[in-house]
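Number of protein chains: 2
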Amino acid sequence: MNRPREALAPAVPGTAATPARVALLGVGTVGRALLARLAERNDPRLSLQFVATSRRRLQATAGLAAAACAEALARSDGPRAAPPSLASSTGAAALPVCEPHDGGGALPAHFGPGDIVVDATASAELAAWHPRWLRQGLHVVSANKLGLGGPLLRQHEIAQLVNAERRYGDAATVGAGLPLLATLRQLRAGGDRIGAIVGVLSGTLAWLFDGYDGREAFSDRVRAAVAQGYAEPDPRVDLSGEDVRRKLLILARTAGYPLESEEVRVDSLLTPALQAAAAGEVDAALRGLDGPLGERAARARGDGRVLRYVARFDAAGARIGLESLAPDDPIAVGRGCDNRVAVWSSRYRERPLQIQGPGAGAGVTAAALLDDLLRVVG
Amino acid sequence: MNRPREALAPAVPGTAATPARVALLGVGTVGRALLARLAERNDPRLSLQFVATSRRRLQATAGLAAAACAEALARSDGPRAAPPSLASSTGAAALPVCEPHDGGGALPAHFGPGDIVVDATASAELAAWHPRWLRQGLHVVSANKLGLGGPLLRQHEIAQLVNAERRYGDAATVGAGLPLLATLRQLRAGGDRIGAIVGVLSGTLAWLFDGYDGREAFSDRVRAAVAQGYAEPDPRVDLSGEDVRRKLLILARTAGYPLESEEVRVDSLLTPALQAAAAGEVDAALRGLDGPLGERAARARGDGRVLRYVARFDAAGARIGLESLAPDDPIAVGRGCDNRVAVWSSRYRERPLQIQGPGAGAGVTAAALLDDLLRVVG
Numbered sequence: 000m001n002r003p004r005e006a007l008a009p010a011v012p013g014t015a016a017t018p019a020r021v022a023l024l025g026v027g028t029v030g031r032a033l034l035a036r037l038a039e040r041n042d043p044r045l046s047l048q049f050v051a052t053s054r055r056r057l058q059a060t061a062g063l064a065a066a067a068c069a070e071a072l073a074r075s076d077g078p079r080a081a082p083p084s085l086a087s088s089t090g091a092a093a094l095p096v097c098e099p100h101d102g103g104g105a106l107p108a109h110f111g112p113g114d115i116v117v118d119a120t121a122s123a124e125l126a127a128w129h130p131r132w133l134r135q136g137l138h139v140v141s142a143n144k145l146g147l148g149g150p151l152l153r154q155h156e157i158a159q160l161v162n163a164e165r166r167y168g169d170a171a172t173v174g175a176g177l178p179l180l181a182t183l184r185q186l187r188a189g190g191d192r193i194g195a196i197v198g199v200l201s202g203t204l205a206w207l208f209d210g211y212d213g214r215e216a217f218s219d220r221v222r223a224a225v226a227q228g229y230a231e232p233d234p235r236v237d238l239s240g241e242d243v244r245r246k247l248l249i250l251a252r253t254a255g256y257p258l259e260s261e262e263v264r265v266d267s268l269l270t271p272a273l274q275a276a277a278a279g280e281v282d283a284a285l286r287g288l289d290g291p292l293g294e295r296a297a298r299a300r301g302d303g304r305v306l307r308y309v310a311r312f313d314a315a316g317a318r319i320g321l322e323s324l325a326p327d328d329p330i331a332v333g334r335g336c337d338n339r340v341a342v343w344s345s346r347y348r349e350r351p352l353q354i355q356g357p358g359a360g361a362g363v364t365a366a367a368l369l370d371d372l373l374r375v376v377g
Numbered sequence: 000m001n002r003p004r005e006a007l008a009p010a011v012p013g014t015a016a017t018p019a020r021v022a023l024l025g026v027g028t029v030g031r032a033l034l035a036r037l038a039e040r041n042d043p044r045l046s047l048q049f050v051a052t053s054r055r056r057l058q059a060t061a062g063l064a065a066a067a068c069a070e071a072l073a074r075s076d077g078p079r080a081a082p083p084s085l086a087s088s089t090g091a092a093a094l095p096v097c098e099p100h101d102g103g104g105a106l107p108a109h110f111g112p113g114d115i116v117v118d119a120t121a122s123a124e125l126a127a128w129h130p131r132w133l134r135q136g137l138h139v140v141s142a143n144k145l146g147l148g149g150p151l152l153r154q155h156e157i158a159q160l161v162n163a164e165r166r167y168g169d170a171a172t173v174g175a176g177l178p179l180l181a182t183l184r185q186l187r188a189g190g191d192r193i194g195a196i197v198g199v200l201s202g203t204l205a206w207l208f209d210g211y212d213g214r215e216a217f218s219d220r221v222r223a224a225v226a227q228g229y230a231e232p233d234p235r236v237d238l239s240g241e242d243v244r245r246k247l248l249i250l251a252r253t254a255g256y257p258l259e260s261e262e263v264r265v266d267s268l269l270t271p272a273l274q275a276a277a278a279g280e281v282d283a284a285l286r287g288l289d290g291p292l293g294e295r296a297a298r299a300r301g302d303g304r305v306l307r308y309v310a311r312f313d314a315a316g317a318r319i320g321l322e323s324l325a326p327d328d329p330i331a332v333g334r335g336c337d338n339r340v341a342v343w344s345s346r347y348r349e350r351p352l353q354i355q356g357p358g359a360g361a362g363v364t365a366a367a368l369l370d371d372l373l374r375v376v377g
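Protein chains in written order, with numbering that gives the first Met the number 0: chain A, 0 to 377; chain B, 0 to 377.
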């Protein structure tokens, strides 16, 4: 019996004729920036059909107009609050609805193999869904560091599940699209053994220590960082070093070392009082940083050195904390929010390979998510 | 009529069952380092069957033992000088012969679609063959900058010919495998427009100006660079800036700008006397550099600046020459033979993406060639 080939092999989503359905989870600053880029790019191979925050969701099988989603989710105060203009210009068969939901990994039932979930949240609950989505044949594109930087078992599961039909995009998880993870993979593919990775992995902490010599109050710098959007509204997320821990875990695991979270020694910048402070007391408790950090900075200045919050992984283990470095140390150079990472390998034994650049911020992170989306359909 | 699928689709070379035949052209320091890496890796998907210098060649359809080729070519003084041990351990059906040849693009007749030519020469004649090889269905892996950095028409031809079945590996042409060209392509694939590229692209010139402040004779540094293998035996190849010109052309073209060689303004470091010197007079003529360069370095030192030989490409055009930079300029940092490149794009508007590391030398260049070989069969 001869059957046409098309009947045997259903079209794989990701072409202009059969676009991949895209679900975006998380509409914070990164999610909003991605919506703006999707609207600008308007790629026919991608059909945005589902956008959800932790409380509201929009969906339309004919495609959502990316540009209007963020606003609709922000202003909706109940079900069916979205205006008709949300439907994509390519077809408006189903009006989108903006309705409350219970969070979690629930995607529309018609999402299936070849479609794409973008996780632009920092949710541990959603990160646990990454392997399950892959098992369902979906591609996952993640800015959520807890997918690959959470429990080692999950990272291992994801690595086992990924293949040409089920991709996992992680460019946005470390360095916001700087060519870090791709380069580590490339070195290993060429037979290189990665020996050490050293870096400034937090844009926020880079900014806080760029030019800080102890003569001004560190707490004022933190407040300025929050005011300018360089730090989270609760700056303890950055100051604790936990965000850096996840990034170092992702780098080390990508370099071939199955590191558990507990194996990374993190010297938090938080004082016990700051750690224990209720939300309203954080600002006052920040002052507790000024004395100890001011002293360390003055000592570094006296030695002609500078302070940097550094993540290190090498034969001696993995550790994260404040270091006093020579100003021309590869890791000490760099300005503002720049991330910088140095990699030593069998190929780069004496002088490391170094990659540096803006590694934080909604714009570059969203650009990295779009890179990964285009790699899936490209 | 039903025929087995295998009969319809001949096996594509590049698997352990049907390895890709590999021809290596050029057995200078890079070619030798590649032979050593091939011997160490011993990948069953690659079968080295042809190795040629401009005057001698070795071939064996059963595969050559990479480790012994360089030595055999070096010591051979006539046809059939190669010892039997040259045959690969996987089979020794045909004894390799080391015979004189007339150079050029002639490959063994049995090389065909799916097989790989590695050009580890700097030959303009061989670079002209790159598009022809691609047209024959061969993959090309090149350290020869004249393939993509020669006439614009050739680069355009190569770009048109490349597809999934005919790959062109260029990682070794700029930065010796530093993730430069791959990163430019990735940025463009994500919709980025590259606005400017600035870099120190010559490991030799980086070494010569690292720490040079005019107090020692520049000619002594050049002699030291030649003695230590950082510069070519005739250092004019490096000092002329022509090597940097080709690299900047490859970067700019990869960034999407169809630049002709003549559009790059190159300020050569050579004096007229040095340029005109016969081979035996070069060493004496080097002294002519000491006065003018010493003065420039002293002036830079007085201004608290450093000299670097910089390649720039931006809206104002492309130019290459000596510049006086602030010591913390992104392009001024870096040590020894380090290449460093800064890229500004629509994504990296304020702070550039920077990539730095050893970008010259036989070891890293051969590693980049092997990366490309493995990408072809991977």
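C-beta: ideal position from N, C-alpha, C; glycine also.
Considering only DSSP beta bridges, list what residue i is partnered with.
{"i": "Trp343 of chain A", "result": "A:Ala195"}
{"i": "Glu322 of chain A", "result": "A:Arg307"}
{"i": "Ala19 of chain B", "result": "B:Leu45"}
{"i": "Tyr167 of chain B", "result": "B:Val139"}
{"i": "Gly316 of chain A", "result": "A:Asp313"}
{"i": "Leu24 of chain B", "result": "B:Ala51, B:Asp118"}
Let's see if you can read the secondary structure: which residues bound the alpha helix (DSSP H) around residue i?
{"i": "Arg55 of chain B", "result": "Taken as a continuous stretch (DSSP letters only), Arg55 of chain B belongs to no alpha helix (DSSP H), being part of the beta strand (DSSP E) at 55 to 58."}
{"i": "Leu330 of chain A", "result": "Per the sequence presented here, residue 330 of chain A reads as Ile, with Leu not at that position. Premise fails: Ile330 of chain A is in no alpha helix (DSSP H) and is neither H nor E."}
{"i": "Gln154 of chain B", "result": "151 to 160"}
{"i": "Leu378 of chain A", "result": "Here chain A has residues from 0 to 377 only, and residue 378 of chain A is not among them."}
{"i": "Thr28 of chain A", "result": "28 to 40"}
{"i": "Ala275 of chain A", "result": "271 to 275"}
Reducing DSSP to helix, strand and coil, say where residue i ends up.
{"i": "Leu72 of chain B", "result": "helix"}
{"i": "Arg264 of chain B", "result": "strand"}
{"i": "Phe110 of chain B", "result": "coil"}
{"i": "Asp209 of chain A", "result": "coil"}
{"i": "Ala366 of chain B", "result": "helix"}
{"i": "Ala189 of chain B", "result": "A small correction: the amino acid at residue 189 of chain B is Gly; Ala does not occupy that position in the sequence shown. Reduced to three states, the DSSP call for Gly189 of chain B is coil."}
{"i": "Thr14 of chain B", "result": "coil"}
{"i": "Asp233 of chain B", "result": "coil"}
{"i": "Asp282 of chain B", "result": "helix"}
{"i": "Asp219 of chain B", "result": "helix"}
{"i": "Ala80 of chain A", "result": "With a pLDDT of only 41 at Ala80 of chain A, under the threshold of 50, the placement of this residue in the model should not be trusted, and no figure is reported."}
{"i": "Asp337 of chain A", "result": "strand"}
{"i": "Leu63 of chain B", "result": "strand"}
{"i": "Val173 of chain A", "result": "coil"}
{"i": "Gly287 of chain A", "result": "helix"}
{"i": "Gln227 of chain A", "result": "coil"}
{"i": "Pro257 of chain B", "result": "coil"}
{"i": "Thr89 of chain A", "result": "Confidence at Thr89 of chain A is low in this model, with a pLDDT of 46, below 50, so the placement of that residue is unreliable and no value is reported for it."}
{"i": "Asp302 of chain B", "result": "coil"}
{"i": "Glu124 of chain B", "result": "helix"}
What residue does the beta strand (DSSP E) around residue i start on, and which one ends it?
{"i": "Ser46 of chain B", "result": "45 to 51"}
{"i": "Asp118 of chain B", "result": "115 to 118"}
Going along the chain, which residues of the region 36 to 66 of chain B sit with their C-beta nearer than 7 Å to a C-beta in chain A?
Cβ contacts with chain A come from Arg40.
Relative to chain A, which residues along the region 183 to 195 of chain B have a C-beta separation below 9 Å, given in chain order?
Per Cβ criterion, the list reads Gln185, Leu186, Ala188, Gly189, Gly190, Asp191.
Going along the region 345 to 359 of chain A in order, which residues come within less than 7 Å of chain B, judged by CB to CB distance?
Residues passing the 7 Å Cβ filter: Arg346, Tyr347, Arg350, Pro351, Leu352, Gln353, Ile354, Gln355, Gly356, Pro357.
Identify each residue in the region 287 to 311 of chain A for which the Cβ-Cβ distance to at least one residue of chain B is less than 9 Å, and report them in chain order.
Answer in chain order: no residues at all.
For the region 45 to 61 of chain A against the region 19 to 32 of chain A, are there 3 or more C-beta pairs whose distance is under 8 Å?
Cβ pair count under 8 Å is three or more, so yes.
Where the region 331 to 344 of chain B meets chain A: residues whose CB sits under 7 Å from a CB there
Listed by position, the residues of the region 331 to 344 of chain B near chain A (Cβ gap below 7 Å) are Val332, Arg334, Gly335, Asp337.
Using a Cβ cut-off of 7 Å, which residues of the region 217 to 241 of chain B contact any Cβ in chain A, in chain order?
For the region 217 to 241 of chain B, which is checked against every Cβ of chain A, not one residue is closer than 7 Å.
Would you call the region 28 to 40 of chain A and the region 122 to 133 of chain A in contact, with 3 or more CB pairs under 8 Å?
The region 28 to 40 of chain A makes no contact with the region 122 to 133 of chain A; the number of CB pairs closer than 8 Å stays below 3.
Could you run through the region 150 to 180 of chain B and flag, in chain order, every residue whose CB is less than 8 Å away from some CB of chain A?
Of all residues in the region 150 to 180 of chain B, Gly176, Leu177, Pro178 have a Cβ within less than 8 Å of some Cβ in chain A.
Three CB pairs or more closer than 8 Å across the region 334 to 341 of chain B and the region 276 to 288 of chain B
Pairwise C-beta distances place the region 334 to 341 of chain B out of contact with the region 276 to 288 of chain B, as fewer than three of them are shorter than 8 Å.
Closer than 9 Å between beta carbons: that is the criterion. Which residues of the region 315 to 330 of chain B meet it against chain A?
Of all residues in the region 315 to 330 of chain B, Pro326, Asp327, Pro329 have a Cβ within less than 9 Å of some Cβ in chain A.
Are the region 194 to 211 of chain A and the region 362 to 377 of chain B touching, with three or more C-beta to C-beta distances below 8 Å?
Touching, no, given that fewer than three Cβ pairs across the two stretches are closer than 8 Å.
Taking contact to mean 3 or more Cβ pairs, one atom from each stretch, closer than 8 Å, check whether the region 320 to 336 of chain B and the region 167 to 186 of chain B are in contact.
Counting Cβ pairs under 8 Å, fewer than three are found: no touch.
Would the region 207 to 224 of chain B and the region 290 to 308 of chain B be scored as touching if the rule is three or more Cβ pairs under 8 Å?
Inter-segment contact for the region 207 to 224 of chain B and the region 290 to 308 of chain B is present: three or more beta-carbon pairs are separated by less than 8 Å.
Which residues, taken in chain order from the region 363 to 374 of chain A, show a beta carbon closer than 7 Å to some beta carbon of chain B?
Per Cβ criterion, the list reads Val363, Ala366, Leu369, Asp370, Leu373.
Any 3 or more C-beta pairs closer than 8 Å across the region 238 to 247 of chain B and the region 307 to 319 of chain B:
Touching, yes.
Count the C-beta pairs between the region 340 to 349 of chain A and the region 149 to 161 of chain A that are closer than 8 Å, then say yes if the count reaches three, no if not.
The region 149 to 161 of chain A and the region 340 to 349 of chain A do not touch, with fewer than three beta-carbon pairs separated by less than 8 Å.
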